[in-house]
Amino acid sequence: MNAEVKGTTLPTLQVTLDPGEHVVSTHGDLAWMTANVQMSQTTATGGQKGLMAGLKRVVGGGGLFMTRYEAQGGQGQVTFAAKLPGRIFPVDIAPGNAFFVHRHGWLCGTSGVVPSVGLQQTFRGGIWGGDGFVLEKLEGTGTAWVELAGEITIYDLVPGQTMLAHPGHVGVFEQSVGFQITRVPGISNKLFGGDGYHLVALSGPGKVWLQSMPIVMLARALEPYLGGATGADVAAGGIGGGVLGDILGRNV
5 MNAEVKGTTL PTLQVTLDPG EHVVSTHGDL AWMTANVQMS QTTATGGQKG
55 LMAGLKRVVG GGGLFMTRYE AQGGQGQVTF AAKLPGRIFP VDIAPGNAFF
105 VHRHGWLCGT SGVVPSVGLQ QTFRGGIWGG DGFVLEKLEG TGTAWVELAG
155 EITIYDLVPG QTMLAHPGHV GVFEQSVGFQ ITRVPGISNK LFGGDGYHLV
205 ALSGPGKVWL QSMPIVMLAR ALEPYLGGAT GADVAAGGIG GGVLGDILGR
255 NV
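In terms of this note's numbering, the sequence shown is residues 5 to 256.
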């Protein structure tokens, strides 16, 4: 198996498979493939199978079924495409070396990768949009390819070092990194979320990958320009107008 990331702003992941080799994806994010690659559905990966394993994937942002891509009768090729401008990169997973990934970040992986829920925290309303902070845990043995949006900043935290980040900007971090959700109270913050303003405290040791353009915040920025924008959004304009219109819209 050979995997190559191609492109810059909107990259693709091109995976070349020898006969009998396969990769799996929880979202089925196929862009294109050769005719000899067979697609099938499976609920098992990395030795994990059954309803409970599937439900853990669903809670973590994946699907109940996994899509399997296998080359037959010769070398085959399957290509996955990024959903947003950003980067695609691999992480090597081994026992005791799992990774936590934001819910839309796992693109595909080898058969030994086991996806499940890592953390789920619900926030109410405001700038976070009620989507909550959901992490997918990738464990087992193998290689997983991850997609992050925008520019990527990597921190290699030492023991005792802590980085505070908005939940949407948390892309990937190693299992060794400690994490805790904190709330910053205040009247002004209440406008941006019913629970106040939330930050994630990431503590070393371990690596952290942060993304500059999370999809939920991109959607929020585009909302005033879409057909569903309210009159208050258009009239007030800007971030303040968008937030005010959202609050009024929720209470109509």
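Glycine is no exception: its CB is placed at the ideal position from the N, C-alpha and C atoms.
So, at 8 Å on beta carbons, what are the nonlocal neighbours of T16 in its own chain, with the 5 sequence-adjacent residues on each side left out? Here residue 16 is taken as the residue at index 12 of the sequence shown, counted from 1. Around T16: V9, K10, A35, T83, F84, A85, A86, I92.
For V138, does the three-state DSSP call read helix, strand or coil? Sequence index remark: in the sequence shown, residue 138 carries index 134 (1-based). DSSP places V138 in strand when its eight states are reduced to three.
Would you check if the region 93–110 and the region 168–180 touch, i.e. whether three or more CB-CB distances between them fall below 8 Å? yes
Cα-Cα separation between G182 and G116, rounded to whole angstroms: Within the sequence shown, residue 182 is the residue found at index 178, counting from 1. Within the sequence shown, residue 116 is the residue found at index 112, counting from 1. Computed Cα separation, rounded: 25 Å.
Min CB distance F69 to chain B below 8 Å: In summary, chain B is missing from the structure at hand, where a single protein chain is found.
Under the rule that 16 or more other beta-carbon atoms within 10 Å means buried, what is Y229, buried or exposed? Numbered from its first residue, the sequence shown carries residue 229 at position 225. So Y229 ends up on the exposed side.
For the putative contact between M37 and G78, defined by C-beta atoms under 8 Å, what is the C-beta separation to the nearest angstrom? Against the sequence shown, residue 37 aligns to sequence position 33. Against the sequence shown, residue 78 aligns to sequence position 74. Not really, about 13 Å apart at Cβ, beyond 8 Å.
Euclidean distance between Cα positions of R72 and L152: As a working mapping, residue 72 is identified with position 68 in the sequence shown. As a working mapping, residue 152 is identified with position 148 in the sequence shown. The alpha-carbon atoms of R72 and L152 are separated by roughly 22 Å.
Using only the alpha-carbon positions, how far apart do V176 and T30 sit? Taking the sequence shown and counting its residues from 1, one reaches residue 176 at position 172. Taking the sequence shown and counting its residues from 1, one reaches residue 30 at position 26. Computed Cα separation, rounded: 17 Å.
The beta strand (DSSP E) with V181 in it runs from where to where? Within the sequence shown, residue 181 is the residue found at index 177, counting from 1. From DSSP, V181 is part of no beta strand (DSSP E); its letter is neither H nor E.
CA nearest to the CA of V28, picked from K141, N40, S207, W110: Here residue 28 is taken as the residue at index 24 of the sequence shown, counted from 1. Of the candidates K141, N40, S207, W110, the one whose C-alpha sits nearest the C-alpha of V28 is W110.
Drop a sphere of 10 angstroms on the beta-carbon of G144, count the other beta-carbons inside from all chains shown, and report buried for 16 or more, exposed for fewer. Position 140 of the sequence shown, counting from 1, holds the residue named residue 144. Buried: at least 16 other Cβ atoms inside 10 Å.
Run through DSSP, which three-state label would L17 get? In the sequence shown, residue 17 corresponds to position 13, counting from 1. Here L17 sits in strand by DSSP.
Excluding the 5 residues flanking E74 on each side, which residues of the same chain have their C-beta closer than 6 Å to its C-beta? Here the question's residue 74 lines up with position 70 in the sequence shown. Result list for E74: H26, Q42, in chain order.
Hey, out of G113, I158, E227, whose CA is closest to S216's CA? What you label residue 216 is simply residue 212 of the sequence shown in a count that begins at 1. The candidate whose alpha carbon is nearest that of S216 is I158.
Taking 7 Å as the limit between beta carbons, can you name the residues of its chain near A225, skipping five residues before and five after? Here residue 225 is taken as the residue at index 221 of the sequence shown, counted from 1. For A225, where only same-chain residues beyond five positions count, there are no Cβ hits under 7 Å.
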